[in-house]
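*Asks:*
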Amino acid sequence: MRVIKVTGIFAIAVLCAAAEKPGLQGAKFVSHSMGFPNGVSIKATVAVEPPAPLKSVFENMSFAIYVNAPYETYHRVIEDSSRRAYFGYDISTEPIPNTDRIRVTIAPLSMTVDELEADQGAQKVSGFRFLVLPRYPAPVIVENGDTIALDLLVSPDGKQKIVDYLEISYKPATNPKH
Amino acid sequence: MENRERPDLTDPELDALLHTWKTPIAPPRLRSAVFPKQSVAWYRRWWAASVRIPLPVAAVVCALLLIAGWQWGTRKERARAESVLNSLASAPPSVTFQGFLPVAELRPRIIRSHHARN
Numbered sequence: 236m237r238v239i240k241v242t243g244i245f246a247i248a249v250l251c252a253a254a255e256k257p258g259l260q261g262a263k264f265v266s267h268s269m270g271f272p273n274g275v276s277i278k279a280t281v282a283v284e285p286p287a288p289l290k291s292v293f294e295n296m297s298f299a300i301y302v303n304a305p306y307e308t309y310h311r312v313i314e315d316s317s318r319r320a321y322f323g324y325d326i327s328t329e330p331i332p333n334t335d336r337i338r339v340t341i342a343p344l345s346m347t348v349d350e351l352e353a354d355q356g357a358q359k360v361s362g363f364r365f366l367v368l369p370r371y372p373a374p375v376i377v378e379n380g381d382t383i384a385l386d387l388l389v390s391p392d393g394k395q396k397i398v399d400y401l402e403i404s405y406k407p408a409t410n411p412k413h
Numbered sequence: 024m025e026n027r028e029r030p031d032l033t034d035p036e037l038d039a040l041l042h043t044w045k046t047p048i049a050p051p052r053l054r055s056a057v058f059p060k061q062s063v064a065w066y067r068r069w070w071a072a073s074v075r076i077p078l079p080v081a082a083v084v085c086a087l088l089l090i091a092g093w094q095w096g097t098r099k100e101r102a103r104a105e106s107v108l109n110s111l112a113s114a115p116p117s118v119t120f121q122g123f124l125p126v127a128e129l130r131p132r133i134i135r136s137h138h139a140r141n
């Protein structure tokens with residue numbers, strides 16, 4: 236079985252704690268960052284739009300990031316332990332040579348329940364239902380510093396949504412000639 | 024057997040004689056006999072019309088028509104399959120996450136760095 240390293244987990248406990256802090260209600264929450272060996276970094280931020288009481292929104296929900304060697308593809312997993320279901324996406328990056336642009340690929344989540352369970356330890360996810368999103372986007376090209384906004388969840392009336400903000404930055408390897 | 028006396032004519036004499044021979048006038052009904060003036064409807068003429076084409080050309084045209092028909096059928100079948108898949112794909116997952124529905128499609132919106140909100 237592959238060895239998967241959990242680089243961060245955005246659990247409800249963290250959210251609830253953050254929600255209690257003044258000034259953070261309805262704000263964005265920086266969950267974690269992803270570092271790619273090619274020099275690209277992504278800071279992932281989850282936000283509820285428009286702002287809502289976070290406890291009611293995120294109760295039983297968790298937003299996690301997993302990665303496996305050689306750390307070229309990160310797995311974004313959104314779980315609902317009460318519904319015993321999860322979905323997500325894979326994300327990888329590729330700097331375009333001689334430019335300040337990065338090709339970002341968002342692909343179907345490739346983590347199985349077994350892999351999730353192997354990483355979550357005490358938290359049992361066996362029997363979780365894997366929701367496959369019908370469509371995934373084509374690779375997008377962004378510039379250094381751009382942000383990709385991804386709507387993940389939407390309320391049935393369409394008035395509220397949970398958005399993943401992915402801030403892309405690129406620091407190329409130091410070249411002695413420059 | 025009849026034994027006709029015939030003067031012997033040389034070729035030049037025969038040629039000269041041929042030039043002096045006058046053909047009889049064609050009878051008036053000869054043209055109509057050769058080229059009948061039947062009033063044939065245009066569609067009958069069109070129906071009876073034919074085009075002669077070389078056999079290889081005909082074979083190639085038939086082959087192209089068969090291929091086009093096969094392609095059309097395949098494409099139609101593929102389009103039908105795609106429409107079924109799309110109708111399935113457009114249905115978002117029915118499980119809710121704390122009352123929220125997972126989106127049917129991840130649509131990245133790019134916020135340029137000079138437009139980013141603080």
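These protein sequence lines are chains R and V, in that order. Mind the numbering: the first sequence is residues 236 to 413 in the numbering used here, read in order. Mind the numbering: the second sequence is residues 24 to 141 in the numbering used here, read in order. Backbone N, C-alpha and C fix where the C-beta goes; we use that ideal spot for every residue, glycine too.
For Thr347 (chain R), count the other beta carbons within 10 Å of its own beta carbon; 16 or more makes it buried, fewer makes it exposed. Which is it?
*Replies:* The residue in question, Thr347 (chain R), is exposed, as its Cβ has fewer than 16 Cβ neighbours within 10 Å.
*Asks:* What are the residues in the region 369-399 of chain R lying within 7 Å of chain V by C-beta distance?
*Replies:* Listed by position along the chain: Pro369, Arg370, Tyr371, Pro372, Val375, Val377, Glu378, Gly380, Asp381, Thr382, Ile383, Ala384, Leu385, Asp386, Leu387, Leu388, Val389, Ser390, Pro391 and Ile397.
*Asks:* Determine the burial state of Val80 (chain V): buried for a count of at least 16 other Cβ atoms within 10 Å of its Cβ, exposed for fewer.
*Replies:* Burial call: exposed.
*Asks:* Using a C-beta to C-beta distance shorter than 8 Å, which residues of chain B count as neighbours of Glu128 (chain V)?
*Replies:* Among the protein chains in the structure shown, which are R and V, there is no chain B.
*Asks:* Just checking my contact of Ile134 (chain V) with Asp315 (chain R) at CB under 8 Å: how many whole Å lie between their CB atoms?
*Replies:* With a Cβ gap of about 27 Å, Ile134 (chain V) and Asp315 (chain R) do not count as contacting.
*Asks:* Looking at the unbroken beta strand (DSSP E) that takes in His137 (chain V), where does it start and where does it end?
*Replies:* Segment: none, His137 (chain V) is in no beta strand (DSSP E) and carries neither H nor E.
*Asks:* Per DSSP, Gly380 (chain R) is paired with what?
*Replies:* Beta-bridge pairing links Gly380 (chain R) to no other residue.
*Asks:* Return the chain-ordered list of same chain residues with a C-beta closer than 7 Å to the C-beta of Ala320 (chain R), the five sequence neighbours on each side being excluded.
*Replies:* Same-chain partners within the cutoff: Phe363, Arg364 and Leu366.
*Asks:* Assign Ser361 (chain R) to one of two classes, buried (16 or more other C-beta atoms within 10 Å of its C-beta) or exposed (fewer than that).
*Replies:* Exposed is the call here.
*Asks:* Within the 8 Å Cβ cut-off, does Arg336 (chain R) reach chain V?
*Replies:* Answer no: the Cβ-Cβ gap between Arg336 (chain R) and chain V never drops below 8 Å.
*Asks:* Is Gln260 (chain R) helix, strand or coil when you go by DSSP?
*Replies:* Any answer about Gln260 (chain R) is weak, because its pLDDT of 41 lies below 50 and its placement is not dependable; what the coordinates show is given next. The answer is coil: DSSP assigns Gln260 (chain R) none of H, G, I, E or B.
*Asks:* Is any beta-carbon of chain V found at less than 8 Å from that of Asn303 (chain R)?
*Replies:* No, no contact with chain V.
*Asks:* Taking Ile313 (chain R) as the query, report the chain V residues whose CB atoms sit under 9 Å from its CB, ordered along the chain.
*Replies:* Correct list: Phe120 and Pro125.
*Asks:* Is it buried or exposed, Arg132 (chain V), if we count other Cβ atoms within 10 angstroms and call 16 or more buried?
*Replies:* The residue in question, Arg132 (chain V), is exposed, as its Cβ has fewer than 16 Cβ neighbours within 10 Å.
*Asks:* Count the other CB atoms within 10 Å of the CB of Ile277 (chain R); is the residue buried (16 or more) or exposed (fewer)?
*Replies:* The residue is buried, with at least 16 neighbouring Cβ atoms inside 10 Å.
*Asks:* For a contact meaning CB atoms closer than 9 Å, what does Glu294 (chain R) contact in chain V?
*Replies:* Within chain V, the residues near Glu294 (chain R) are Gln121.
*Asks:* Under 6 Å Cβ to Cβ from Ile48 (chain V), same chain only, skipping five residues before and after it: list those, please.
*Replies:* There are no such residues.
*Asks:* Taking 8 Å as the CB-CB cut-off, is Phe322 (chain R) touching chain V?
*Replies:* Chain V, which has a Cβ nearer than 8 Å to the Cβ of Phe322 (chain R), makes this yes.
*Asks:* Count the other CB atoms within 10 Å of the CB of Thr46 (chain V); is the residue buried (16 or more) or exposed (fewer)?
*Replies:* The residue in question, Thr46 (chain V), is exposed, as its Cβ has fewer than 16 Cβ neighbours within 10 Å.
*Asks:* Please work out which residues of its chain come closer than 7 Å, Cβ to Cβ, to Phe123 (chain V), disregarding the five sequence neighbours upstream and downstream, and give them in chain order.
*Replies:* Hits under 7 Å: none found.
*Asks:* In this structure, how does DSSP classify Pro285 (chain R) when only helix, strand and coil are distinguished?
*Replies:* Note: Pro285 (chain R) maps to coil in three-state DSSP.
*Asks:* So with Cβ pairs under 8 Å, would you call Arg132 (chain V) a contact of chain R?
*Replies:* By this cut-off, Arg132 (chain V) is an interface position.
*Asks:* Run through chain V and tell me which residues come within less than 8 Å of Ile341 (chain R), C-beta to C-beta.
*Replies:* Neighbours of Ile341 (chain R) on chain V, chain order: Leu129 and Pro131.
*Asks:* Would you kindly work out how many angstroms separate the C-alpha atoms of His267 (chain R) and Ile300 (chain R), rounded to a whole number?
*Replies:* Their backbone Cα atoms lie some 8 Å apart in a straight line.
*Asks:* Mapping DSSP to helix, strand and coil, what is Glu36 (chain V)?
*Replies:* In the structure shown, Glu36 (chain V) sits in a helix (DSSP, three-state: H, G or I).
*Asks:* According to DSSP, simplified to helix, strand and coil, what is Arg311 (chain R)?
*Replies:* Reduced to three states, the DSSP call for Arg311 (chain R) is strand.
*Asks:* Please classify Val339 (chain R): does DSSP put it in a helix, a strand, or coil?
*Replies:* Val339 (chain R) falls in the strand class under three-state DSSP.
*Asks:* Name the DSSP beta bridge partners of Ile326 (chain R), please?
*Replies:* Looking at the DSSP assignment, Ile326 (chain R) forms a beta bridge with R:Tyr309 and R:Ile341.
*Asks:* Verify the CB distance criterion: does Ser136 (chain V) have a CB-CB separation below 8 Å to chain R?
*Replies:* Yes, its Cβ sits closer than 8 Å to a Cβ of chain R.
*Asks:* Let me make sure I understand the geometry here. Which of R:Pro330, R:Gly393, R:Glu378 and R:Pro391 has the alpha-carbon closest to that of His137 (chain V)?
*Replies:* It is R:Glu378 whose Cα lies nearest to the Cα of His137 (chain V).
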